[in-house]
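With this note's numbering as the guide, the letters of the sequence shown map in order to residues 35 to 344. Here a beta-carbon is modelled for each residue, glycine too, at the ideal position from N, C-alpha and C. Please read all numbers here as calculations on a predicted model, not as lab measurements. Following: one structure in structure tokens, then a few remarks.
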Amino acid sequence: MGEATVIDTVIRNLVNVRYRSRAIGLHAGRCRRGLLVVAAMVVGQSTSSALADTPWPAIERFPGAEVVSAASDVAAKQRRLILGPLKKVRNALAPEREEFVRGTVRSETYFVPDERRVDAVRTWLDTRLSKVGETVYSCSGRTCGSSNYWANTVFGERILYGPEQFQSYSIVLITGPLPRYVAAYVGQRGNRKIYVHVEQVSVAGASAPTFVNLLADGGLIFDDSVRQIEALREYLSADQDRRVAVVVHGGGALELEIALAGTQQRAERVRRRLVSEGVRANGLIARGIGPLAPVSGRPATRVELVALQL
């Protein structure tokens, strides 16, 4: 059996596989109701100790800020990661990219009494976030999607709800002995009052699987981050016999053949992008499988990286 035949067999088998809802430790999410993120492994520390040892607040509050609520959760629970804007899927709102991780969280919501310009608050926060970590995702205005969804479903803070054009969201990765992610959401209400919600996720040591482990355990969602691309590049460089499939899912509302063709084209575009970033070309295979492998808890439209055993 030739290599191409083996590859196609592996890809076809994806349709019958139920991937586990485990996450790569590289991005953002939420504490039962809030947005959270997870990074690399923290070894030899309890989750409560790690939470207590991380600086808080992660960034200084906007001048004159008045805290209206605060919360923390020291339990290493499964959290929802939101890594992209919101969109409608079968008439229901859902994040374009999301994951599920285990981790701890701290959060607070505060009122900004002396400012009425969302852009000014966002710029102020982004400047400070960029000083402490690497930006992994951001959006502003209507590109973020439904303000109601962010306020009530993601963060569980209805006071954040307001016109969609007056919102912003940014998240950064802070590396070090205690890796963590910090997310900041800004929302302006109809009365022009501005509120800010900040969340910090500390990694639960045992719950941050490595890139290699995730690839071997059925695949992971490709999030287009610099760190994930670097990990993929290193993975393929370490062994010339390794192969990884770029598998694109989606197109459920289209005719099957059109969906298959569209996802195949996107898979090839992603592969070309990875090759341009220095990922070994002969280690990447592109496949689009349309809507044939739905997985509960994962977005219908997604790009996955799957290790192939040839």
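DSSP-derived helix/strand/coil call for Gly317: Along the sequence shown, one-based indexing puts residue 317 at 283. In this structure, Gly317 counts as helix in the three-state DSSP scheme.
Euclidean distance between Cα positions of Glu142 and Arg277: Stepping through the sequence shown from its first residue, residue 142 is reached at position 108. Stepping through the sequence shown from its first residue, residue 277 is reached at position 243. Cα-Cα distance, rounded: 44 Å.
Is it buried or exposed for Pro147, if we count other Cβ within 10 angstroms and need 16 for buried? Here residue 147 refers to the residue found at position 113 of the sequence shown. By the 10 Å Cβ count, Pro147 comes out exposed.
Let's test the definition: count the other Cβ atoms within 10 Å of the Cβ of Leu308 and tell me whether it reaches 16, buried, or not, exposed. Looking up residue 308 in the sequence shown gives position 274. Counting every other CB atom within 10 Å of its CB across the protein chains shown gives Leu308 a total of 16 or more, marking it as buried.
What residues are listed by DSSP as bridge partners for Val340? Here residue 340 corresponds to residue number 306 of the sequence shown, with the count starting at 1. DSSP output for Val340 lists Ala279 as bridge partner(s).
Note down the Cα distance separating Gly118 from Gln262, rounded to an integer number of angstroms. For this step, residue 118 is matched to residue 84 along the sequence shown. For this step, residue 262 is matched to residue 228 along the sequence shown. Cα-Cα distance, rounded: 16 Å.
Quick one: what does DSSP say Phe189 is sitting in, helix, strand or coil? Along the sequence shown, one-based indexing puts residue 189 at 155. The answer is coil: DSSP assigns Phe189 none of H, G, I, E or B.
Since Ala327 sits in a beta bridge, which residues does DSSP pair it with? One-based indexing of the sequence shown puts residue 327 at position 293. Answer is none; Ala327 lacks a bridge partner.
On the three-state DSSP scale, how would you describe Ile93? Residue numbering aside, residue 93 sits at position 59 when the sequence shown is read from its first letter. In the structure shown, Ile93 sits in coil (DSSP, three-state: anything other than H, G, I, E or B).
Look at the Cβ atom of Glu191, then the Cβ atom of Arg176, and state whether they are nearer than 8 Å. Numbered from 1 along the sequence shown, position 157 holds the residue referred to as residue 191. Numbered from 1 along the sequence shown, position 142 holds the residue referred to as residue 176. No.
Helix, strand or coil at Ala104 [DSSP, three-state]: One-based indexing of the sequence shown puts residue 104 at position 70. Here DSSP, grouped into helix, strand and coil, assigns Ala104 to strand.
To the nearest angstrom, report how far apart Ser106 and Gln298 are at their CA atoms. Start at 1 with the first residue of the sequence shown, and residue 106 comes out as number 72. Start at 1 with the first residue of the sequence shown, and residue 298 comes out as number 264. Cα to Cα, the separation comes out at about 43 Å.
Cβ atoms of Val235 and Ser202: under 8 Å apart, would you say? Here residue 202 corresponds to residue number 168 of the sequence shown, with the count starting at 1. Here residue 235 corresponds to residue number 201 of the sequence shown, with the count starting at 1. Going by C-beta atoms, Ser202 is not nearer than 8 Å to Val235.
Coarse secondary structure for Arg214, derived from DSSP in three states: Start at 1 with the first residue of the sequence shown, and residue 214 comes out as number 180. DSSP places Arg214 in strand when its eight states are reduced to three.
Residue burial classification, Glu100 (beta-carbon count within 10 angstroms, cutoff 16): What you label residue 100 is simply residue 66 of the sequence shown in a count that begins at 1. By the 10 Å Cβ count, Glu100 comes out exposed.
Are there three or more Cβ pairs, one per stretch, closer than 8 Å when the segment 321-335 is compared with the segment 286-293? yes
If you run the structure through DSSP and keep just helix, strand and coil, what is Leu270? Locating residue 270 in the sequence shown gives position 236, where the first residue counts as 1. Looking at Leu270 - three-state DSSP - the assignment turns out to be helix.
Compare the C-alpha of Ser180 against each of Ile205, Thr161, Pro213, Ala126 and name the closest. On the sequence shown, position 146 is the one that residue 180 refers to. Cα-wise, what sits closest to Ser180 is Ala126.
Start-to-end residues for the alpha helix (DSSP H) that takes in Gln299: One-based indexing of the sequence shown puts residue 299 at position 265. Gln299 -> alpha helix (DSSP H) spans 290-310.
Looking at the secondary structure, which residues open and close the beta strand (DSSP E) in which Ala126 lies? On the sequence shown, position 92 is the one that residue 126 refers to. First-last of the beta strand (DSSP E) with Ala126: 126-129.
Which residue marks the beginning of the beta strand (DSSP E) containing Leu207, and which one marks its end? One-based indexing of the sequence shown puts residue 207 at position 173. First-last of the beta strand (DSSP E) with Leu207: 201-208.
Along the beta strand (DSSP E) that carries Ser172, what are the first and last residues, could you check? The residue labelled residue 172 in the question sits at position 138 within the sequence shown. Per DSSP, Ser172 belongs to the beta strand (DSSP E) from 168-174.
Please confirm whether any heavy atom of the ligand GDP lies closer than 7 Å to the CB of Ser181. In terms of ligand content, the structure shown is empty, and the ligand GDP therefore cannot be addressed.
Coarse secondary structure for Glu142, derived from DSSP in three states: Your numbering for residue 142 matches position 108 in the sequence shown. Here Glu142 sits in strand by DSSP.
Which residue wins for smallest C-alpha separation from Ser271, given the options Val280, Arg314, Gly286, Arg305? By 1-based counting over the sequence shown, the position of residue 271 is 237. If we check each option's Cα against that of Ser271, Arg314 comes out closest.
Name the DSSP bridge partner or partners of Gln234? The residue labelled residue 234 in the question sits at position 200 within the sequence shown. BP columns for Gln234 point to Arg140, Val216.
Under 8 Å between the Cβ atoms of Val282 and Val260? Within the sequence shown, the letter at position 248 stands for residue 282. Within the sequence shown, the letter at position 226 stands for residue 260. With respect to Val260, Val282 sits apart: the two C-beta atoms are not nearer than 8 Å.
List the whole-angstrom C-beta distance separating Leu163 from Ala218, where the pair is believed to meet the contact cut-off of C-beta under 8 Å. Position 129 of the sequence shown, counted from the start, is the residue given in the question as residue 163. Position 184 of the sequence shown, counted from the start, is the residue given in the question as residue 218. Indeed they touch by this definition, with Cβ atoms about 6 Å apart.
Closest by CA to Val170, which one among Phe200, Trp184, Arg214, Leu194? Working through the sequence shown from its first residue, we reach residue 170 at position 136. Per the Cα distances, Arg214.
Do Phe200 and Gln222 come within 8 Å of each other at the CB atom, strictly closer than that value? Position 188 of the sequence shown, counting from 1, holds the residue named residue 222. Position 166 of the sequence shown, counting from 1, holds the residue named residue 200. Contact: yes.
Leu117 (DSSP reduced to helix, strand or coil): Here residue 117 is taken as the residue at index 83 of the sequence shown, counted from 1. Coil at Leu117, not helix or strand.
Nearest neighbour of Val102, chosen from Ala110, Tyr229, Gly224 [CA to CA]: Here residue 102 refers to the residue found at position 68 of the sequence shown. Val102 has its Cα closest to that of Tyr229, out of Ala110, Tyr229, Gly224.
Spatial distance of Gly253 from Ala334 (CA atoms): Translated into the one-based positions of the sequence shown, residue 253 becomes position 219. Translated into the one-based positions of the sequence shown, residue 334 becomes position 300. Approximately 15 Å, taken between the alpha carbons.
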